[in-house]
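Structure first, then comments.
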Amino acid sequence: MAEIVSLHDAIAEHVGDGATVAMEGFTHLIPFAAAQEIIRQGRQALTLIRMTPDLIYDQLIGAGCADKLVFSWGGNPGVGSLHRLRDAVEQSWPQPLQLEEHSHAAMAAAFHAGAAGLPFATLRGYARSDLRRVNPNIRSVVCPFTGEELAAVPALRPDVGIVHAQRADRVGNVLVEGIVGVQKETVLASTRSIVTVEEIVDDLAAPSPNSVIIPAWAIDAVAVAPGGAAPSYAHGYYGRDNAFYRAWDAISRDREEFRAWLHEHVLEPQTTGADS
Amino acid sequence: MTIAASRALRNDDVCFVGIGAPSAACNLARLTHAPDIVLIYESGTLQTRPDVLPLSIGDGELCDTALTTVPVVEMFQYWLQGGRISKGFLGGAQIDRFANINTTVIGDYAQPKVRLPGGGGAPEIAGSCGEVLITAKHNARTFVDTVDFITSLGHGGGPGDRAAAGLSTAGPVLVVTDLCLLEPDPETRELVVTSLHEGVTREQVAEATGWPIRFATRLATTPPPTAEELHVLRDLQERTERAHARA
Numbered sequence: 081m082a083e084i085v086s087l088h089d090a091i092a093e094h095v096g097d098g099a100t101v102a103m104e105g106f107t108h109l110i111p112f113a114a115a116q117e118i119i120r121q122g123r124q125a126l127t128l129i130r131m132t133p134d135l136i137y138d139q140l141i142g143a144g145c146a147d148k149l150v151f152s153w154g155g156n157p158g159v160g161s162l163h164r165l166r167d168a169v170e171q172s173w174p175q176p177l178q179l180e181e182h183s184h185a186a187m188a189a190a191f192h193a194g195a196a197g198l199p200f201a202t203l204r205g206y207a208r209s210d211l212r213r214v215n216p217n218i219r220s221v222v223c224p225f226t227g228e229e230l231a232a233v234p235a236l237r238p239d240v241g242i243v244h245a246q247r248a249d250r251v252g253n254v255l256v257e258g259i260v261g262v263q264k265e266t267v268l269a270s271t272r273s274i275v276t277v278e279e280i281v282d283d284l285a286a287p288s289p290n291s292v293i294i295p296a297w298a299i300d301a302v303a304v305a306p307g308g309a310a311p312s313y314a315h316g317y318y319g320r321d322n323a324f325y326r327a328w329d330a331i332s333r334d335r336e337e338f339r340a341w342l343h344e345h346v347l348e349p350q351t352t353g354a355d356s
Numbered sequence: 657m658t659i660a661a662s663r664a665l666r667n668d669d670v671c672f673v674g675i676g677a678p679s680a681a682c683n684l685a686r687l688t689h690a691p692d693i694v695l696i697y698e699s700g701t702l703q704t705r706p707d708v709l710p711l712s713i714g715d716g717e718l719c720d721t722a723l724t725t726v727p728v729v730e731m732f733q734y735w736l737q738g739g740r741i742s743k744g745f746l747g748g749a750q751i752d753r754f755a756n757i758n759t760t761v762i763g764d765y766a767q768p769k770v771r772l773p774g775g776g777g778a779p780e781i782a783g784s785c786g787e788v789l790i791t792a793k794h795n796a797r798t799f800v801d802t803v804d805f806i807t808s809l810g811h812g813g814g815p816g817d818r819a820a821a822g823l824s825t826a827g828p829v830l831v832v833t834d835l836c837l838l839e840p841d842p843e844t845r846e847l848v849v850t851s852l853h854e855g856v857t858r859e860q861v862a863e864a865t866g867w868p869i870r871f872a873t874r875l876a877t878t879p880p881p882t883a884e885e886l887h888v889l890r891d892l893q894e895r896t897e898r899a900h901a902r903a
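These protein sequence lines are chains A and B, in that order. Just so you know, the first sequence maps onto residues 81 to 356 in our numbering. Just so you know, the second sequence maps onto residues 657 to 903 in our numbering.
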């Protein structure tokens, strides 16, 4: 059952050193405020799971929070490389980063399997891709009905799943609108889950009975974090800060410049608000 | 290059669109000769009609202008793997003579010279879309004899390789570069130049390709951009540039 707590307390209680953490939001509703709280609380040795690491994991990796990354596409969308990710992989700075690399289709299927309580996911995928050669977690199964050989990947079962959403009601039911990505799967696949929201309201005001709602009893903690998805965006609340995504290229390219940015915008303010 | 790529798209195509040149080409096609083309971005936006080109595959613009938006799991399982998409559009850091694509690493995987973003949706786009189009700047660093890493399968090592991998789709049917058009040879599946853009010579293409490139017997010249194509594309790019510069 969801407890409504502060962002500080949600992270302090549910995210421990060495945890496997999935922070999802497919280009939309990316939980930046929660990630920056993890950086402020100085978590170490995390295994980070995310389809598209984006700036959010560039910051966590550059801050030295992560040992391992499970991912399928690691770039700054439309801009170029994630320089902190590349620096960790190519130069082991600030520490080495182990990679487990998949495709989007496999990651999505693996979250789905985790949410469904299945041990693995199958897909018609990875045809002759060298990803099979470098990732021992990509294997094959034979269909018991047709004999067809399919790719198999283990279900994703993070210790903690963290997503951002538009709003929650006072009980902790959560509404997600717009590009919904794999957020629902992430919450349901994870042992514990945290949802940060733009606001808490008396009435969720779901636009239709088919709206994406995550019930309070499927969530562990709900925390208010206005602007918590910036510089990504929250459909109906604020737009994507594309100019910041572009600016990140220069900020993240240089280690010292990155450190200065982190100090000024994440470590120094000591607030739970979002940064952009 | 964008204009030549847009011409390869038909009004009845259902197209899985990537960011950058593919997105520009697909929207140019929609705004010119293919008004009913269905554009799908992997963030789950189906039948979207963006007014400005997205910087990421999940910009709000895509969701706001889509017929519907579906979860990513559904996107890949029902729509892509289910065989509902006729054309996929890919780029790559390296492309070899059989149109295999590398978007993972330059050099050794464990100790890469350059760590690239990775596969994303591409391995399954290459496998499950009816046909695949590829766009890339033409130079010998990109068009290599053998890719360092096969992220997404093209034609493998030649005829029969896709079928052996369990695939029944056509794979790459056209590569559009800033110099020419290349298509797989019907017999060997090796890429051959079938059309040179206006003013481009065979020597230029040969120099910019990392294997002894072959030219089709009936080598065409790509028709130059029309005034309408240029006007619509520039207009789209200006709108996009203005929108993304705003903080």
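Backbone N, C-alpha and C fix where the C-beta goes; we use that ideal spot for every residue, glycine too.
- Look at residue 699 of chain B: its C-beta is under 8 Å from a C-beta on chain A.
- Between the C-alpha atoms of residue 658 of chain B and residue 138 of chain A there is a straight-line separation of about 31 Å.
- Taking a beta-carbon distance threshold of 8 Å, residue 329 of chain A does not count as an interface residue toward chain B.
- Following the DSSP letters along the chain, one finds residue 763 of chain B inside the beta strand (DSSP E) bounded by residues 761 to 763.
- Around the Cβ of residue 322 of chain A, a 10 Å sphere holds 16 or more other Cβ atoms; the residue is buried.
- Under DSSP, residue 697 of chain B takes part in a beta bridge, and its partners are B:673 and B:701.
- Under DSSP, residue 103 of chain A takes part in a beta bridge, and its partners are A:242.
- Looking from the CA of residue 850 of chain B, the closest CA among B:835, B:876 and B:828 belongs to B:876.
- In this structure, residue 835 of chain B keeps its C-beta atom at 8 Å or more from the C-beta atom of residue 811 of chain B.
- Interface residue (Cβ-Cβ distance to chain B less than 8 Å): residue 107 of chain A is classified as such.
- Listed by position along chain A, the residues whose Cβ is nearer than 7 Å to that of residue 721 of chain B form an empty set, because the closest Cβ is around 12 Å away.
- If you check the CB distance, residue 886 of chain B and residue 830 of chain B do not come in under 8 Å.
- Using beta-carbon distances, residue 317 of chain A does not count as an interface residue toward chain B, since no partner is under 8 Å.
- Contact check for residue 301 of chain A against residue 94 of chain A passes: the beta carbons are separated by less than 8 Å.
- Residue 692 of chain B carries a coil assignment under DSSP once its states are collapsed to helix, strand and coil.
- Under the three-state reduction of DSSP output, residue 836 of chain B falls in the strand class.
- The three-state reading of DSSP puts residue 888 of chain B in helix, counting H, G and I together.
- 711, 712, 713, 714, 715, 716, 719, 725, 727, 728 and 729: these are the residues of the region 704 to 731 of chain B whose beta carbon lies less than 7 Å from some beta carbon of chain A, given in chain order.
- Taking a beta-carbon distance threshold of 8 Å, residue 845 of chain B does not count as an interface residue toward chain A.
- Counting along the chain, the unbroken beta strand (DSSP E) around residue 83 of chain A starts and ends at 83 to 85.
- For residue 297 of chain A, the closest alpha carbon among the candidates A:227, A:250 and A:190 is that of A:250.
- With the criterion set as a beta carbon lying under 7 Å from some beta carbon of chain B, the members of the region 97 to 126 of chain A are 106, 107 and 108, in sequence order.
- At a beta-carbon threshold of 9 Å, the residues of chain B lying near residue 153 of chain A are 759, 773, 774, 775, 776, 777 and 778, ordered along the chain.
- Under a criterion of Cβ atoms nearer than 9 Å, no residue of chain B is adjacent to residue 347 of chain A; the nearest Cβ is some 23 Å distant.
- If you keep only unbroken beta strand (DSSP E) runs of at least 3 residues inside the region 780 to 844 of chain B, you get 787 to 792, 828 to 833 and 836 to 840.
- When the five nearest sequence neighbours on each side are left out, the beta carbons in the same chain lying within less than 6 Å of the beta carbon of residue 675 of chain B are those of 713, in order along the chain.
- Using a Cβ-Cβ cut-off of 8 Å, residue 191 of chain A counts as an interface residue toward chain B, since at least one Cβ of chain B sits closer than that to its own.
- Pairwise C-beta distances place the region 840 to 850 of chain B out of contact with the region 769 to 781 of chain B, as fewer than three of them are shorter than 8 Å.
- Between residue 177 of chain A and residue 146 of chain A, the C-beta spacing is below 8 Å.
- Scanning chain B for C-beta atoms nearer than 7 Å to the C-beta of residue 203 of chain A yields 737, reported in chain order.
- Using a Cβ distance threshold of 8 Å, residue 679 of chain B and residue 259 of chain A do not count as a contacting pair.
- With respect to the 8 Å criterion, residue 208 of chain A and residue 737 of chain B are not classified as neighbours on the basis of their beta carbons.
- Going by DSSP, residue 720 of chain B is part of the alpha helix (DSSP H) stretching over 716 to 720.
- Cβ atoms of residue 791 of chain B and residue 677 of chain B come within 8 Å of each other, at about 4 Å.
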